[in-house]
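Student: Line by line, the protein sequences are chains B, Z and P. Residue numbers for the first sequence, in our numbering: 30 to 722. Residue numbers for the second sequence, in our numbering: 78 to 648. Residue numbers for the third sequence, in our numbering: 4 to 208. By construction, the Cβ of each residue, glycine as well, lies at the ideal position given by its N, Cα and C atoms. I'd like to ask you about the structure that follows.
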Amino acid sequence: MTSKKRPLFDKPIVLRAIRESFGKLSPRHMVRNPVMFVVLLGSVLTTVVLIIDAVAHRGGSGFTIQIAIWLWFTVLFANFAEAMAEGRGKAQADSLRKARTETHAKKLEDPADHLSSELVSGTSLRSGDFVICTPGDIIPGDGEVTEGVASVDESAITGESAPVIREAGGDRSAVTGGTKVLSDFLVIRITANPGETFIDRMIALVEGASRQKTPNEIALTILLSGLTIIFLLAVATLQPFAIYSGGSVALPVLVALLVCLIPTTIGGLLSAIGIAGMDRMIQQNVIAMSGRAVEAAGDVNTLLLDKTGTITLGNRQAVEFVPVAGVTLEELADRAQLASLPDETPEGRSIVVLAKTQFGLRGRSLADDGGTPERPHEMEFVPFSASTRMSGVNMGGLQLRKGAGDSVAKWVRENGGSIPPELQGQVERIAKIGGTPLVVAECVGAKARTLGVVYLKDVVKGGMRERFDRLRAMGIRTIMITGDNPLTAAAIAQEAGVDDFLAEAKPEDKMALIRREQSGGKLVAMTGDGTNDAPALAQADVGVSMNSGTQAAKEAGNMVDLDSNPTKLIEIVEIGKQLLMTRGSLTTFSIANDVAKYFAIIPAMFAVTYPALNALNVMRLHSPQSAILASVIFNALIIIALIPLALRGVRYRPASAAVILRRNLLIYGVGGLVVPFVGIKLLDVLLVLTRLV
Amino acid sequence: MTANGWFQIALFSALVLALTKPLGIYILRVFDGTAGWLRPIERVIYKASGVDPAENQHWTRYAASLMFFSLASMLLTYVALRLQHVLPLNPQHLAAVTDHQSFETAASFTSNTDWQSYAGESTMSYFSQMTQLAFHNFASAAVGMCGAIALARGIAQRSAGKLGNFWVDLVRGMLYLLLPLSIVMALALVQQGAIQNFSAYLTASTLEGAKQVIAMGPVASQEAIKQLGTNGGGFFNANSSHPFENPTPLANLWQMVAIFAIPAALTYTFGRMVKNAKHGWALWAAMFVLFAVGTTAAYWAEARGNPIHAARGVDVDESATNYGGNMEGKEARFGIASSALFATVTTDASCGAVNSMHDSFTPIGGMVPLVNIQLGELIFGGVGSGLYGMLIMVVLTVFIAGLMVGRTPEYLGKKIQAPEVQMAMLYVLALPALILLGAAASVVLPDGLKGLNNSGPHGLSEVLYAFSSAAGNNGSAFAGLTGSSYYYNTLVGITMLFGRFALVVPMIALGGFLSAKKIAPPSTGTFPVTGPLFVTLLIGVIVIVGALTFFPALALGPIVEHLSMLAGRVF
Amino acid sequence: MSIMTNMLRKQLRPAIVLTIVLCVITGALYPAVVTAIAQLVFPRQANGSIIKANGRVIGSSLIGQSFASAEYFHGRPSAAGAGYDATASGGTNKGPTDAKLADTLVAQAIDSVVKLDGGVKGQIPSDMVTSSGSGLDPDISPANAVLQVARVARARGAQADSVRALVDSHTRPRQLGVLGDPTVNVLQLNLALDTVFPRAKGGAQ
């Protein structure tokens, strides 16, 4: 995305935020935030007192004027923080909106008839309509490819300039409105009504328009509201106590004390923190469907990762031929190569290549002409299927098969052959070291025999072990999901450094695993892209679907990774944690601040009634007025000072909870105690120097 | 301060520590039903009262039962006090108790406060003392334990809101725990000199030939449960400073240990219930640190004495023969150390018994009990109520800590979310609301001001203490305040009832909510609720929340009084 | 509605019955049992540690009494009723900055100690001029007793050293060696005084 390198304080964003801080003063908006609403009421009250005093010519209220001004600033600063956080999203939304500009669509009455299309407006399309897109066309809405293969430029959404392939059927059938077809053609069944498309949702999310308070935010708001009521009680009852003691306190001073005590720092920054969290997700090219999902990411206990494509490179490579007794190495290599000729999978290709490099066997391709004895024209490809778990070729009387050990063994026995005793050992040896054993067999006439085993090696991606170590430090357990047999799975798990694995996994096993973890009170995250992942994505607490995946997967998950990078989950978890940590740390900071404010304001309030209380004036502030004013100003300015922290988030380094807590307590707890003492004293000195008091 | 004084404090602490585990195990067995040696009696009681002991009550029903029982027992006492003059065991022919006094007393004892705005020896017949006040001492303590056990079950189990059976918990708490302990304790006190008889008041002719009428009564039996149940309602006006209630330093030590025994043991019981004994000890440790700090402050202030009195000629320096310090309102046999310790213990717990007059403590010495109460009486605290008060603070601590480590806060595997925070905040809010509003009204209304025995900042402290004590269900007092007026009896009575039941219901609700939650296993990502870091943070939250709430009021009461005292100013 | 009444019945019956049953157990049976055992095992303590002389009840060793005459040791100032009223226990409940306490109660007590016992301001034992919590404190500090020795000896015409020895023998050390502070029981000391140094017939006043 273009916003990736946007500085924290971008001039247009700041200017817009300043304007919006005033707009946000409306009580309807303010009441959503009880703490700041109380400050607003206090500001109004002080202003009213000021006006009454002015009308009654009681005068001498330069002090009250300053209090009132700074109270208003407190509210405005909090609004500014929120507007700043939103501003970054809004800038992003603007660029997204450009992608949503009015498009024209070639609507098909009959999806099979590509020629009779009707030109309609993109916004008139409804779910279930069919359109055809040819090179240069903007895809008019979210949909599912029903026919064709094409390369599509999705940079408007993902920021990634390399085109991607979209095709009918399989896991790459989903297309997003606003993206552009570059080659070939696609017939698309529209799946979203106008206003509900992915891009619409994205705009709403980044703008914060559909922002709901998240569960933790609600809980924290309750805590902050409770504290506000407590301080309201403490300040309101101070007046009778003061009257008993022989001197009442002026209303603006009481308001000043109240505003200083209630947790305005966190109250003012709370919504900015939440918005900024979503924003950080977007900068990672992850679209979270709700703030709730972002929070849940911070809580994840268990991470399910597909082995293929996530932990390993996805294409296993043949590295060794292991013949059984009575079969030469060359014979096995030749048959294996022959059986793989029409096999376009990376594994199949790697067998052909290995046979060629080791034994100089020609890479015979299907395109070759001429009927050599080995490759008669009537070669028939037997594709892999989930039920047979084998593939191979049939050439007249010669049948070749390669596949999982037990399936091939069954085939050999059915065709009157027998299994050499050493085969089992060879299969297990390869499986144990993390390889995939592929048994090769042939059947000539009606007599089948086993030839040997091809060792397919899984290649683990670089840097995986470090990433899993990091997750472990966060307290997250990773489980690898694979269709491999347990032996192979264990070896790969060992090599990659995951905590556990689920072998020979069928989709329903994955589902069962998630349920089992959840019933133990754990939160589960997973990534997926295929349609058969959809139920598990929906069941998982955090389901991240790949943007390259199917529409069904994208609907089922609660996040979409535009980069389609399954290990992105680590960043997602960190952002979730950072979000909560920022809230917790600023809450602690805010409450710890109150100690210093008491020491500033209480002696000042009762300077006349009880001069002895000046012993509590440990900061040696100049006068009662300067003390109160300095506290109020500090209280307002600290909001501004912490905006960068709120937007960027508290720094997160993977470590145990105890270590993180100790560090944050030192910085924000102890810091929160000390900083205001220094700040208020400095402001006091400054106020005296500038003769404002 | 003397080495001997510190040794007494250390000895007391060691006894409490030694009792925690064995008593904790016993309490565990009482409430999970493994201790069953009184099963036949239990069965008869359940049959007579129509209780199905196997019923596992939903939290709403558990709370309703608790409220119904408290209401029934409060009404009984109101009626009995109003009819005192026609009831038996009244050798002094004391009159019926007035309506507002009866209401206040019934509220006071039902709520485990035992605030007494009357003088026992001149107001209450033996019948009223025994069958009403002593009964409430048992019942209200057992009710408190039920609350704590219910909350603990909610935390420990996964049971869809079901928290056990209130009636069974009530009966077991009284029969298995409070009764046997009370009998032992009562006899230990009699052995030291506490009285236990039904005689009429005794008339003596003194050495100088004057007549001295000496009040009598079944004192020791009431004294025992008064401390064990952290009730604090004395037989006599002078409470545990009265030589017949608390005759010797050893009796004094037994009483202090009795106050802390069950609350301290409950931390261990809780740890075992949640299968994390270390967590129980962490709570114990947090409580102990706060206790030690309070004791040190009180002892320091009282041993230092009152400079105003020193200026008049009093020798405030301790020596082998002179007690020194501030002896106003203290008994010679207890001295400074045991008086300061008792004052701390009785207000750490929600007991409220006094062996010296807190009203006459130095400002800092008197602020320690006041602050102890205002922190919520969770430093060991009341029987049951101390534990659940502490658990509420733990919930808040865990909430803030959980956010700080970047996870949805979890407590012992259960997520702390909006409903839980809501209940915890209701609990935390109730105390300051009751204390501050009651006190604020009383220092400006003529009816309130009439009751004051001191002027200046100390008068404010008296009122503040009264409402803190009532809201916190402590029952001790800056006793100069005349609390027996219609105004105070009514307002304080209502405050006590809210201070008990407006706290216990959200707390049981919290237990209910938590019981419905899944228990997530701990991981390195969850914040550990054991160890020094947790204890420090918990103490920090308790102190900060309490201090921030009450600092302004305290500044105008004890703090300014302390500064005035140093300047030699009197009011 | 019927659910409501059913619920009420399910709650009310145990509430009422248990209130009564538990009231009887803890309010009647329990004190009865304790009283029975106490009267059997510790009859002296259970009945108030009464001191009798010639069949006459003089008082309780645990309850202080008023002494005003010069030949007796005096207890501490008392706020119980008119002083040592054992049906009206209590303290002054005056605070540390209370003018009446500082300038009237304490100040007058100090003046009286200065006048009667020749106490020196600044060296007055702290218990001597302050009221106890119960107003019935039977004890005084050793320093307090020692300061009164000269006056009592003078009034009784006894040797100060002998009276001092009597005080020392009546000084009770800390209980079990650690608990509380050393005390002197005023009533017991005065009883011993009457035995060892009998008053002049007809009183010495």
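#1: Quick one: is Phe544 of chain Z near chain P, going by C-beta distance under 7 Å?
#2: Which of the three DSSP states is assigned to Pro715 of chain Z in this structure?
#3: Under 8 Å Cβ to Cβ from Val174 of chain Z, same chain only, skipping five residues before and after it: list those, please.
#4: So the alpha helix (DSSP H) Pro340 of chain Z belongs to, where does it begin and stop?
#5: Check the Cβ of Ala263 of chain B against every Cβ in chain Z and list those closer than 9 Å, keeping chain order.
#6: Check this for me: beta carbons of Val93 of chain Z and Phe337 of chain Z, under 7 Å apart or not?
#7: For a cutoff of 7 Å on Cβ pairs, would you count Asp209 of chain P as touching chain Z?
#8: For Lys341 of chain B and Val489 of chain B, which I take to be in contact (beta-carbon distance under 8 Å), what is that distance rounded to the nearest angstrom?
#9: Which same chain residues end up closer than 6 Å to Ser660 of chain B when comparing Cβ atoms and leaving out the 5 residues on each side of it in sequence?
#10: Helix, strand or coil, according to DSSP, for Pro292 of chain B in the structure here?
#11: Met503 of chain B CB to nearest chain Z CB: under 7 Å?
#12: Thinking C-beta only, is Ser546 of chain Z closer than 7 Å to Ile450 of chain Z?
#13: State yes or no: is the beta carbon of Met307 of chain B nearer than 7 Å to at least one beta carbon in chain Z?
#14: Just list the beta strand (DSSP E) runs in the stretch 255-326 of chain Z, keeping only unbroken ones of 3 residues or longer that don't cross its boundaries, in chain order.
#15: What do you get for Glu111 of chain B, buried or exposed, if any count of 16 or more other CB atoms within 10 angstroms of its CB means buried?
#16: Contact defined as beta carbons within less than 8 Å: I believe Leu427 of chain B pairs with Val381 of chain B. What is the distance between those atoms, to the nearest angstrom?
#17: Could you check whether Leu74 of chain B and Val284 of chain B sit closer than 7 Å to each other, using their CB atoms as the reference points?
#18: Residues in the stretch 310-326 of chain B with C-beta within 7 Å of chain Z's C-beta atoms, listed in sequence order?
#19: Considering only C-alpha positions, which residue in the set Z:Phe313, Z:Ala335, Z:Leu511 is nearest to Leu100 of chain Z?
#20: What is the residue span of the beta strand (DSSP E) that Thr372 of chain Z lies within?
#21: What does a CB cutoff of less than 6 Å around Pro402 of chain B pick up in its chain, not counting 5 residues either side in sequence?
#22: To the nearest angstrom, how far is the alpha carbon of Val204 of chain B from that of Val688 of chain B?
#23: Relative to chain Z, which residues along the stretch 90-103 of chain P have a C-beta separation below 8 Å, given in chain order?
#24: Is Val267 of chain Z closer than 7 Å to Phe45 of chain P when the C-beta atoms are compared?
#25: Start and end of the alpha helix (DSSP H) containing Asn449 of chain Z?
#26: Give me, in chain order, the residues of the same chain whose beta-carbon lies closer than 7 Å to that of Gly434 of chain B; leave out the 5 immediate sequence neighbours on both sides.
#27: Within the stretch 545-580 of chain B, note down every full alpha helix (DSSP H) run reaching 4 residues or more, in order along the chain.
#28: Since Gly30 of chain P and Thr208 of chain Z should fall inside the 8 Å C-beta cutoff, what is the C-beta to C-beta distance between them, to a whole number of angstroms?
#29: Which term fits Ala95 of chain Z, buried or exposed, when burial requires 16 or more other beta carbons within 10 angstroms of its beta carbon?
#30: Examine chain P for any beta-carbon lying closer than 7 Å to the beta-carbon of Val472 of chain Z, and answer yes or no.
#31: Give the straight-line distance between the Cα atoms of Val329 of chain B and Asn314 of chain B, rounded to the nearest whole angstrom.
#32: Taking the beta carbon of Trp136 of chain Z as the centre, do at least 16 other beta carbons fall within 10 Å, making it buried, or is it exposed?
#33: Whose C-alpha, out of Z:Thr567, Z:Ser90, Z:Ala265, is nearest the C-alpha of Ile40 of chain P?
#34: Output the distance between the C-alpha atoms of Ser150 of chain Z and Ala279 of chain B, rounded to the nearest integer angstrom.
#35: What does the Cβ neighbour count give for Ile118 of chain Z, buried or exposed, with the cut at 16 atoms within 10 Å?
#36: Would you say Tyr376 of chain Z lies against chain P (beta-carbon separation less than 7 Å)?
Tutor: Answer, in terms of the structure:
#1: By this cut-off, Phe544 of chain Z is not an interface position.
#2: Chain Z is shown only over 78 to 648; residue 715 of chain Z falls outside these bounds and no answer can be derived.
#3: Cβ neighbours of Val174 of chain Z beyond the five flanking positions: Leu158, Arg159, Gln161, Thr182, Tyr195, Thr200, Met201, Ser205.
#4: Where Pro340 of chain Z is concerned, the enclosing alpha helix (DSSP H) stretches over 326-350.
#5: Pro509, Leu513, Leu625, Thr626, Phe627, Phe628, Pro629, Ala630
#6: Phe337 of chain Z sits close to Val93 of chain Z, with the two beta carbons spaced by under 7 Å.
#7: Chain P is shown from 4 up to 208; residue 209 of chain P falls before or after that span and cannot be answered.
#8: Rather than Lys, the amino acid found at residue 341 of chain B in this sequence is Thr. Taking C-beta atoms under 8 Å as the contact rule, Thr341 of chain B and Val489 of chain B qualify, at a distance of about 5 Å.
#9: Cys289, Lys626, Ala629, Ile630, Ile709
#10: Note: Pro292 of chain B maps to coil in three-state DSSP.
#11: yes
#12: yes
#13: no
#14: 279-282, 288-291
#15: buried
#16: In fact, because the Cβ distance is near 18 Å, the residues do not count as touching under 8 Å.
#17: yes
#18: Glu324
#19: Z:Ala335
#20: It is not in any beta strand (DSSP E) - Thr372 of chain Z instead sits in the alpha helix (DSSP H) that spans 354-381.
#21: The predicted position of Pro402 of chain B is uncertain, since its pLDDT is 47 and thus under 50; a value taken from the coordinates is nonetheless stated next. Counting only Cβ-Cβ distances below 6 Å, and skipping sequence neighbours, we find nothing.
#22: 45 Å
#23: Thr90, Ala91, Ser92, Gly93, Gly94, Thr95, Asn96, Lys97, Gly98, Pro99, Thr100, Asp101, Ala102
#24: Cβ distance < 7 Å, so Phe45 of chain P and Val267 of chain Z count as in contact.
#25: 440-451
#26: Val456, Pro466, Val468
#27: 563-568
#28: 4 Å
#29: exposed
#30: no
#31: 20 Å
#32: Buried is the call here.
#33: For the residues Z:Thr567, Z:Ser90, Z:Ala265, the minimum Cα distance to Ile40 of chain P belongs to Z:Ala265.
#34: 48 Å
#35: exposed
#36: no
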